[in-house]
Amino acid sequence: MASTEGFSDFFYASPDGLQLHARVYGEANSEHWPVVCLPGLTRNCRDFHELALHLSRRAEGSRKIVAFDYRGRGQSVYDPDIGHYNIGVEAGDILAGLAALSIEAAAFIGTSRGGLIIHVLGTMRPAVLKAVVLNDIGPVVEASGLAYIRSYLEQTPKPKTHAEAIGAQCGAHGSDFPALTEADWERMVSALYRETDEGLVPDFDPKLVDTLAGLDLTQPLADLWPQFEALAAIPLLAIRGANSKLLSAETLEQMRKHPCVETITVEGQGHAPFLETGGLPGAIAAFLDRAEQRIGSS
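Counting in the numbering used here, the final residue of the sequence shown is number 597, and the numbers go up one at a time with none missing.
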């Protein structure tokens with residue numbers, strides 16, 4: 300591992316031999332459940348940096364945090380077969396990473412696609428899940444919201460400077476995120492883009508966009524209610540952006556039937572809420588503490 304401020308870079312091999320990457324925070328924090336952070340479709344481990352620092356450095360209840368880059372994102376190698384960019388393969392990659400780190404079980408935080416991967420993990424290996432935080436994702440994905448994301452990705456702006464990138468992101472998403480500050484947008488841009496000789500480029504394989512091309516988004520998407528119901532015994536925190544296009548308020552209400560669920564609606568944010576804002580780090584930390592105490596005392 301190469302040491303960096305606040306975290307170490309960890310590289311491991313996927314089941315089919317690709318070099319994949321994760322960040323590890325708080326490596327010595329072993330008294331409490333570790334936390335695994337899974338990002339959205341085109342996002343990477345940097346989205347969780349501020350939250351990971353908070354959870355790994357708390358005076359009480361500090362935790363080891365592992366934030367993953369899926370194949371084709373961040374510092375993980377691009378896959379020459381875009382058919383492997385699917386949540387089943389990516390779930391297998393996460394399990395391989397946990398095995399390489401000797402982590403048998405953890406609390407999981409999943410934003411968007413990361414939450415879908417958690418649903419799959421609950422079917423593949425339910426014992427790996429100690430607690431779950433779903434960030435603006437649930438068993439029903441609104442087709443209209445995914446169409447919006449696909450349309451945006453197909454027209455991804457090509458800014459040359461950070462200022463241009465911030466302007467582009469604010470222009471595209473600002474109406475859904477009036478609560479965000481300039482500093483919030485700047486962090487988001489730093490996480491999303493990487494610098495090249497030609498300027499800034501989104502830090503993911505451009506072919507990821509092609510994986511959405513064949514979806515018929517004029518029809519409702521298949522739901523994951525059976526997989527969600529399989530999580531019934533696991534403490535669950537469901538977070539929704541009040542302006543979300545992907546997770547509806549109606550679906551969140553149905554998710555309340557989960558016997559161990561807590562919910563948070565984040566005002567002034569859409570898909571997906573920035574987990575380092577709006578008091579969310581403290582709320583997530585408190586949820587994890589409650590879940591660990593409840594299971595530990597049962």
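The beta-carbon is built from N, C-alpha and C at its ideal position, and this holds for glycine as well.
Of the residues Thr341, Phe367, Pro333, Glu330, the one whose Cα lies closest to the Cα of Gln318 is Phe367. Secondary structure of Cys336 (DSSP, three-state): strand. Here the C-alpha atom of Ile386 lies approximately 23 angstroms from the C-alpha atom of Ala532. Three or more Cβ pairs closer than 8 angstroms define a contact, and the segment 450–467 falls short of that threshold against the segment 557–573. Taking Trp484 as the centre and dropping the five residues before and after it, the same chain places the C-beta of Ile465, Gln468, Cys469 closer than 8 angstroms to its C-beta, in chain order. DSSP, reduced to helix, strand and coil, places Asp522 outside both helices and strands of the structure shown, so it counts as coil. The continuous alpha helix (DSSP H) containing Glu349 extends over residues 348–356. In terms of Cα proximity to Val419, the closest of Arg539, Glu552, Gly581, Asp522 is Asp522. As a beta-bridge residue in DSSP terms, Val500 pairs with Arg493. Ranked by Cα distance from Arg539, the options Asp435, Arg486, Phe573 are led by Asp435.
In this structure Gly413 touches Leu337 by the C-beta definition: roughly 3 angstroms separates them, less than 8 angstroms. Fewer than three beta-carbon pairs drawn from the segment 419–432 and the segment 441–448 are found closer than 8 angstroms, and the two stretches are therefore not classed as touching. In the DSSP annotation of this structure, Val440 is not part of any alpha helix (DSSP H), being labelled neither H nor E. Note that the C-beta distance between Ala571 and Thr341 is not below 8 angstroms. In this structure, Pro505 sits away from Tyr492, with a CB-CB distance that is not shorter than 8 angstroms. Straight through space, the alpha carbons of Glu453 and Ala442 are spaced by roughly 16 angstroms.
The residue among Leu350, Leu394, Asp588 with its C-alpha nearest the C-alpha of Asp315 is Leu394.
The Cβ atoms of Gly569 and Ser543 lie closer than 8 angstroms to each other. Around Thr550, the same chain offers Gly437, Val439 as residues with beta carbons nearer than 6 angstroms, after the five sequence neighbours per side are excluded. Residue environment: Ala398 is assigned as exposed (fewer than 16 neighbouring CB atoms within 10 Å of its CB, all protein chains considered). For Asn434, DSSP records a beta bridge to Thr410, Ile538.
Here the alpha carbons of Asn343 and Tyr369 stand approximately 7 angstroms from one another. Its chain contains Val365, Ala405, Phe407 as the residues whose beta carbon lies nearer than 6 angstroms to that of Val335, once the 5 sequence neighbours on both sides are disregarded; these appear in chain order. Spanning the alpha carbons of Tyr324 and Phe527 requires a straight line of approximately 29 angstroms. Note that the C-beta distance between Asn328 and Ser355 is below 8 angstroms. Cβ-Cβ distances below 7 angstroms link Glu591 to His331, Trp332 in the same chain, with the five nearest sequence neighbours on each side left out; the list follows chain order. The shortest CA-to-CA distance from Trp524 to any of Lys556, His320, Ala585, Ala512 is the one to Lys556. If the five residues before and after Arg357 are omitted, its C-beta is found closer than 7 angstroms to the C-beta atoms of Ala584, all from its own chain and listed in chain order. Taking Asp509 as the centre and dropping the five residues before and after it, the same chain places the C-beta of Ile381 closer than 7 angstroms to its C-beta, in chain order. DSSP places Asp392 in the uninterrupted alpha helix (DSSP H) bounded by 386–399. Going by C-alpha positions, Ala482 is about 15 angstroms away from Arg345. For Ala366, DSSP records a beta bridge to Arg322, Cys336.
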